Structure formats: structure tokens, C-alpha cells
Amino acid sequence: MDEKRKSFRKQTTGVKAERRKQKKKQEENDQTNTKLSSSTLEEAKRRNPKAFSIQNPIKAQQEFRRTQDLKEKRIHLPEVDRTPLEPPPVIVALVGPAKVGKSLLMKCLIKNFTRQKLTDIRGPVTIVSGRKRRITFIECRNDINSMIDAAKIADLVLLLIDAKFGFEMETFEFLKCSTNIWFTTYMRKNVGCNECTHPTCRCSLEFNGICTCYICKQGIFLLDVTSIPKYRLACNKCSFILTLPEAIQKITLKEGEFCKQCDTTLMDIEFNKEKSPDLSSLSSACILCHEYFLDAIQRTVTFITNMQNRPTSGRGGGTPGGPRGGGRGRGRGRGRGGSSNRGRGSSRGGRGRGRGKN
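Residues 75 to 432, numbered by my numbering, are exactly what the sequence shown covers, in order.
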């Protein structure tokens, strides 16, 4: 028999019913509060993300260290130990003048170590003299650049001297280069004696400098010691030269003494008695301010200045306006010369083409 039973009715009045109502209201309020707090938190994170970035300081510190380590590893590549297993070879330089047997000595040394005959030598030769030792033989040429390079790198130098002739200049040049630290350390490439600032060398700029060049305003006049007995002053930047009178027999520069007017180094001058009977010597004289040198040097200065300002010819070597052309261009051929027609080799240039002049 299916009888419909009465359903259970909760108590709506009394203490328990009131408790259930209060509990239900509290749950509903909590749900609404959580929704509001989550929405406000998201808005605050959007407004100020830095304030919510670090939740755990220790974890944040570890993450920062990790990221910095990864960045440094990307920057610094792992270094490879490139130290050679075998030491570098010992460099032996053979130095000496021409025709003294440098190549023959190198061949004999190579034959002594390797028991092999080497007939043609075209450069440095490296041989193995032991299990962990190598030797490089270098034949030094007879120029100052090769001597300086050999003095910088050589571990052992063999100086060869001709027993019949005796000591020659090449031997002393190499000794000067090897014992003087200025050549092997401070002297830059392609520097001559007129620009070298060595304090004690007799051929350097410091020792032979006279005054500033008044033509180019950049160079310095030097006393050319290679022009003796005809003394002259040469600029180390331009091609300007002052030729002194031939009556001068000896010039001695006075170190640390300068002219008060032009700041030129003073010098003691001795004259040849036959060429200048009036003057025998001058002490502490300025070569630019003294009355004796004004006329002689002025003529030389004017002549050289005109030579410098003279218009130079072009590639063809002809004179401007001449029959063989000048200025630019090749200037080949005689062309038509003085006529007004165009022809190769006329005065204007530009591969020899131009208008001739009568």
C-alpha cells in the first residue's frame, strides 16, 4: 500500500531556528566579502604591481641570485687553458755585415743538430734540438729596422766579424740597439733621427734642435750633422732648408742657453781663417738674430721659398704651358704645341689634352 507520508518540516521558531538563520546570514556575508576583496586586490595589483611582487623575501633573494648567475654565465664564456704543452723555441739571431758567412754558419748549425743538409735558406728556420726544446735561427739583415726587431725578440745573438777586415759599422749599430732600451721599447715605427726624442743620442731631436720652423709652424729646425763641412738647418716636418755660409768650420750647440728674442738655441761658431779673415769665432751667437747671418741666410731662404712655391709639373713632367704638357695628365707626346687646336701634350693636362699657348 503506497501511502503518501508527511514530509519533515524544519522548525521555524525557537532557539535552533534562530541559530540556523544567523549562520546562513553569516555565510552569505562571507561570500560577498570574499568577492569584494578579490576584486579590490586585483585592482590594487594593477595599480601598483611592485607592492605585491615580493611575498617571501628569502625566496625572492634566491631567485634574484639565480637570475644574476645566469646572466653572468651568458656574458663570460668558459676560458680555455691555452698554455702550450711545449715551451716556445729559443730564438738565435745571426748578425753581421755582408759577406761574413751568416748563411754558412746557419747551415752548419742546422746540420749539427739535424744531420741534414739545407742548401736554400729563405727565412727563419726552426729545428727540434731535444724532446722539449726547439731552436729558431734568424738571419738579420743589414738595416736598422731589422736590427731593432732582432734585438727585441732574440734570446741569443751571434755577432759575426770579418777577421781580415775587422770591426764594421753594422756590429756597433746592433750593439747600440741591443744595449739601448730606447730603440727596443720607446721608438715607434717609421721614426727617423730628426723626430727621435732620445735624451743622450747625438743625432736626436733633443740634442740637435735649434728653433721652431717659421714656414710650416709645426716642425723644428735641426742642425744636420751629415752635411758637414757645409752646415745647414733642416725642418723635420717640411722640406725647408737653411744653408749656412761655407766659411763656418765648426758649430757647437750650447745646451740650456736660448736667445731672449726668438728663443733659439745659442751656439759657438768657429770660422775658417782663409774664407773669413775678419771673423775667427763667435760665442753664444743666435743664428737667426746675429747680423752676420742675416744677409746670407736671407738669400738662401728666399731661394728655397721660391722653389717651394713654384708650380710643379704633373705626371708627364712637362712645364706648364710648354709643348710637353703640365699640370695633370700624362703629358705624353708633343702634340701641336703652340697652336690653339686641341692635341695631346698641350698645356692644360688631363691625359695630355688641352689648349696650347703661343
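Backbone N, C-alpha and C fix where the C-beta goes; we use that ideal spot for every residue, glycine too.
Note that the coordinates shown come from a computational prediction; the quantities given were computed from them, not determined experimentally.
### Task
Might you give, ordered along the chain, the residues of its own chain that have their beta carbon closer than 7 Å to the beta carbon of GLU320, omitting 5 neighbours on each side?
LYS304 and LYS349
### Message
Please state the DSSP three-state secondary structure of VAL299.
### Response
helix
### Task
Specify, as a first and last residue, the run of the alpha helix (DSSP H) that THR200 falls within.
From DSSP, THR200 is part of no alpha helix (DSSP H) but of the beta strand (DSSP E) over 199 to 204.
### Message
Which residue wins for smallest C-alpha separation from ARG278, given the options CYS267, SER203 and ILE325?
### Response
A small fix is needed here, since residue 278 is Ser in this sequence, not Arg. Out of CYS267, SER203 and ILE325, CYS267 has the C-alpha closest to the C-alpha of SER278.
### Message
Under DSSP, the alpha helix (DSSP H) around THR447 begins and ends at which residues?
### Response
Because the chain spans 75 through 432 in this model, residue 447 falls outside it and cannot be assessed.
### Query
Should the segment 244 to 255 be regarded as contacting the segment 183 to 192, the criterion being three or more beta carbon pairs within less than 8 Å?
no
### Residue range of the unbroken alpha helix (DSSP H) whose run includes LYS80
Careful: LYS80 lies outside any alpha helix (DSSP H) and carries neither H nor E.
### Task
Look at the Cβ atom of LEU318, then the Cβ atom of LEU307, and state whether they are nearer than 9 Å.
yes
### Query
Hey, CYS177 and ILE149: beta-carbon distance below 9 Å or not?
Reading off the sequence shown, one finds Ser at residue 177, where the question assumed Cys. Contact flag unset, no.
### Message
Alpha carbons only, please: which of THR274, ILE315, CYS275 and ARG276 is nearest the one belonging to THR286?
### Response
ILE315
### Task
Could you tell me which of THR157, LYS173, VAL164 and ILE222 sits nearest to PHE211, measuring between CA atoms?
VAL164
### Query
For VAL231, which of VAL169, MET243, LEU356 and LYS181 has the nearest alpha-carbon?
VAL169
### Query
What is the DSSP secondary structure of LYS328, counted as helix, strand or coil?
strand
### Query
Which residues bound the beta strand (DSSP E) around ILE165?
164 to 169
### Task
Jot down the residue ranges of each uninterrupted beta strand (DSSP E) in the segment 260 to 294, minimum 3 residues, whole runs only, in chain order.
283 to 286
### Message
Assuming GLU213 is part of the beta strand (DSSP E), what are its boundary residues?
### Response
207 to 213
### Query
Which residue or residues does DSSP assign as beta-bridge partners of CYS309?
PHE295
### Query
Terminal residues of the continuous alpha helix (DSSP H) containing ILE244?
Per the sequence shown, residue 244 should be read as Glu rather than Ile. Run containing GLU244: 243 to 253, per the alpha helix (DSSP H) assignment.
### Query
Can you tell me whether DSSP reads ALA134 as helix, strand or coil?
helix
### Query
What first and last residue would you give for the beta strand (DSSP E) that runs through ASP342?
339 to 345
### Message
Whole angstroms are fine: how far does the CA of THR300 sit from the CA of GLY399?
### Response
With a pLDDT of only 48 at GLY399, under 50, the local geometry of the prediction cannot be trusted, and the value read off the model is given with reservation. Rounded to whole angstroms, GLY399 to THR300 spans 38 Å at the Cα level.
### Query
Are the beta-carbon atoms of ARG94 and LYS78 separated by less than 9 Å?
no
### Candidates ILE132, SER113 and GLU244, of which the one nearest ASN219 by Cα
GLU244
### Query
What number of angstroms, rounded off, separates the C-alpha of GLY240 from the C-alpha of PRO198?
27 Å
### From ASN282, LEU297, THR271 and SER313, residue whose alpha carbon lies closest to that of ASN289
Residue identity differs from the one stated: residue 289 is Ile in this sequence, not Asn. Checking every option, the nearest Cα to that of ILE289 belongs to SER313.
### Query
Should VAL174 go down as buried or exposed, given a rule of 16 or more other Cβ atoms within 10 Å for buried?
buried
### Query
Helix, strand or coil for VAL89 per DSSP?
helix
### Query
Nearest-angstrom Cα distance between ARG354 and MET341?
Just to set this straight, residue 354 is Ser in the shown sequence, not Arg. Taking the straight line joining both Cα atoms gives about 14 Å.
### Task
For LEU144, name the three-state secondary structure that DSSP assigns.
helix
#### Entry: Where the beta strand (DSSP E) containing LEU220 begins and where it ends
One point to set straight first is that residue 220 is Ser, not Leu, in the sequence displayed. Run containing SER220: none in the beta strand (DSSP E); it sits in the alpha helix (DSSP H), 218 to 227.
#### Entry: Buried/exposed call for THR274, threshold 16 Cβ in 10 Å
exposed
#### Entry: Residue burial classification, ILE209 (beta-carbon count within 10 angstroms, cutoff 16)
buried
#### Entry: Among PHE248, THR271 and LYS206, nearest to ASN216 - alpha-carbon criterion
PHE248
### Query
Excluding the five sequence neighbours on either side, which residues of its own chain have a C-beta within less than 7 Å of the C-beta of VAL202, listed in chain order?
ARG208
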